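If you count the sequence shown from 1, position 322 lands on 322 in UniProt numbering, and the numbers rise without skipping. No residue lacks a Cβ here, since even glycine has one placed at the ideal position from N, Cα and C. As the structure is a prediction and not an experimental result, all values here were calculated from the model. To start, the structure under review is shown below, and the notes come after it.
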Amino acid sequence: MYTILLVDDEPLICKGLGNLLQNSGLAIGTILTAGNGQEALDYLRLENVDLLITDIQMGTMSGIELMHQAKIIKPWVETIVISAHETFQYAQMAMRLGAKDYLIKPLNNEHFLDIVRNVLLKIERPVRSEEGAEEMSGMRGSFHMTQPDEERNRLLNELMACESAETEKIAQELKLRRGMAIGGPYFAVIRMRLLLDELAEKDKRLLQYAALNIASELLGQEWSHQAFYSRDGEMCVLLDWSERTYEELGANRIEQLEFIGRSLFLNIEKYLGIRSVVGISQMLRDVAFIPLLSQQAGRAMRWNEEHRDHYIFYYGDYKWAMREGTSSEEEWVGQSNIIVEQAKQYIEENFCKKGITLNEVARHNHVSPNYLSYLFKKYMHCNLWEYVIKLRMEESRRLILTTDLRRYEIADRVGYESPEHFSKIFKKYYGISPTELKK
1 MYTILLVDDE PLICKGLGNL LQNSGLAIGT ILTAGNGQEA LDYLRLENVD LLITDIQMGT
61 MSGIELMHQA KIIKPWVETI VISAHETFQY AQMAMRLGAK DYLIKPLNNE HFLDIVRNVL
121 LKIERPVRSE EGAEEMSGMR GSFHMTQPDE ERNRLLNELM ACESAETEKI AQELKLRRGM
181 AIGGPYFAVI RMRLLLDELA EKDKRLLQYA ALNIASELLG QEWSHQAFYS RDGEMCVLLD
241 WSERTYEELG ANRIEQLEFI GRSLFLNIEK YLGIRSVVGI SQMLRDVAFI PLLSQQAGRA
301 MRWNEEHRDH YIFYYGDYKW AMREGTSSEE EWVGQSNIIV EQAKQYIEEN FCKKGITLNE
361 VARHNHVSPN YLSYLFKKYM HCNLWEYVIK LRMEESRRLI LTTDLRRYEI ADRVGYESPE
421 HFSKIFKKYY GISPTELKK
């Protein structure tokens with residue numbers, strides 16, 4: 001049975017869609033409703049949501065921003081966007097973030113249910129077992145095994161490894177000889193090392209082809225990219241953005257790169273049953289920086305040597321003087337602790353602020369959300385949002401027991417826009433409602 005989260009700042013729309021889904025005959029166990037993006041994020045953090053259905057314009061947090069946050073919290077959650085505005089820019093951004101569809105209000109009930117049904121059916125695709133070798137024979141029918149274009153791969157590898165002065169020449173050669181336009185002017189590189197050591201050579205090749213096909217299917221038409229294998233067997237993805245697309249990303253550029261890296265990691269693990277180590281470069285302007293970006297992604301992967309329980313690494317997160325020098329393990333741990341302590345201090349000073357997000361805390365600490373989330377859980381033994389909720393619940397409990405403030409006033413003081421939503425979180429945390437505690 002599936003859990004669906006409906007998000008719209010018009011309660012009647014949530015109620016109507018909820019009734020429609022409840023009576024649809026689909027395998028839906030729970031329907032959650034939220035009136036804004038912050039309430040939706042709380043549900044995403046606390047519940048096992050399978051499908052998010054969200055409006056695009058909802059006051060302080062748009063549906064696009066909600067999708068950014070949702071993909072960081074639970075990248076596997078599928079999304080359908082609904083909107084009263086038939087705006088190409090909104091639709092394009094939603095599809096780039098992985099939305100399965102973009103529907104215009106007023107909705108056609110049958111069409112809406114067809115879309116939901118199709119999305120839920122795709123969620124049912126089987127997860128590959130860890131016994132990858134035993135699954136190989138059946139996998140050939142699951143993926144279209146496109147043989148790699150050797151000449152294309154050779155040129156792309158040359159582009160990654162050449163001197164910066166040669167990049168324009170190779171890019172032109174790719175366009176003339178292989179019909180591939182290297183766009184830009186902004187570029188980034190993601191490199192992945194598939195952990196295949198214990199498999200037979202034949203099975204390794206099959207899984208490499210399958211992983212490449214997953215990457216191409218996942219990135220599809222929404223991301224301008226080239227996916228191929230390096231000479232040492234790592235999967236490489238060269239991404240590019242136009243001036244306009246780069247500006248559209250705004251402050252979410254690092255989050256965008258991490259979303260792509262995390263999605264590649266999770267989908268390859270999900271459908272092939274294998275893990276990988278992912279290195280993500282920065283985003284730089286000019287084709288001449290492609291070799292440098294490839295080096296950055298490769299160096300980022302090397303941090304797996306220090307963080308064996310972590311698999312996705314962004315180059316900009318790390319202090320490279322420490323990595324390349326003679327720094328001790330104690331110094332690395334100390335640096336990580338500083339990041340966690342700074343994040344903890346920022347949260348303790350701002351947990352009552354409406355709209356506080358993981359992204360905001362990460363930007364304040366000048367690290368990516370993925371890395372901050374990993375470090376916080378490793379050293380605090382809880383995730384960052386659980387810590388925010390803990391502080392909010394402790395403060396609200398104190399206010400209930402020591403003041404005469406009303407429920408809506410307490411909810412407002414600890415960062416919740418809706419008193420009803422505050423009560424739900426409070427009861428889930430303490431097992432009793434605010435009113436019951438007051439009595």
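Closest option to Ile123, judged by alpha-carbon separation, among Asp203, Val49, Leu32: Val49.
For Thr403, the three-state secondary structure derived from DSSP is coil.
Burial check for Val7: the Cβ neighbour count within 10 Å reaches 16 or more, so the residue is buried. One Cα belongs to Phe228, the other to Tyr374, and the distance between them is close to 29 angstroms. The stretch 362-381 makes no contact with the stretch 397-411: fewer than 3 CB pairs, one atom from each, lie closer than 8 angstroms. Residue Tyr314 holds the alpha-carbon nearest to the alpha-carbon of Arg253 among Tyr314, His111, Leu51. If the five residues before and after Asn109 are omitted, its C-beta is found closer than 8 angstroms to the C-beta atoms of Leu20, all from its own chain and listed in chain order. Spatial neighbours of Cys162 in its own chain (CB-CB distance under 7 angstroms, excluding positions within 5 residues in sequence) are listed in chain order as Ile170, Pro291.
It is roughly 40 angstroms from the alpha-carbon of Ala215 to the alpha-carbon of Arg392. Three or more pairs of CB atoms, one per stretch, sit closer than 8 angstroms, so the stretch 332-340 contacts the stretch 374-391. Under the three-state reduction of DSSP output, Phe187 falls in the strand class.
Inter-residue distance for Leu206 and Asp149 is about 16 angstroms (C-alpha atoms, whole angstroms).
DSSP, reduced to helix, strand and coil, places Arg231 outside both helices and strands of the structure shown, so it counts as coil.
Counting of Cβ neighbours within 10 angstroms places Trp385 among the buried residues, the total reaching 16 or more. Across the structure, Phe426 and Pro434 are spaced so that their CA atoms are roughly 7 angstroms apart. Unbroken alpha helix (DSSP H) stretches of 4 residues or longer found wholly inside the stretch 215-300: 243-249, 253-272, given in chain order. Per DSSP, Gly415 lies in no alpha helix (DSSP H) segment and is marked neither H nor E. Rounded to whole angstroms, the separation of the alpha carbons of Lys344 and Leu358 is 12 angstroms.
Going by DSSP, Thr87 is part of no alpha helix (DSSP H) at all; its letter is neither H nor E. For Gly29, the enclosing beta strand (DSSP E) stretches over residues 28-34.
Assignment of beta-bridge partners to Met192 by DSSP yields Met235, Val278.
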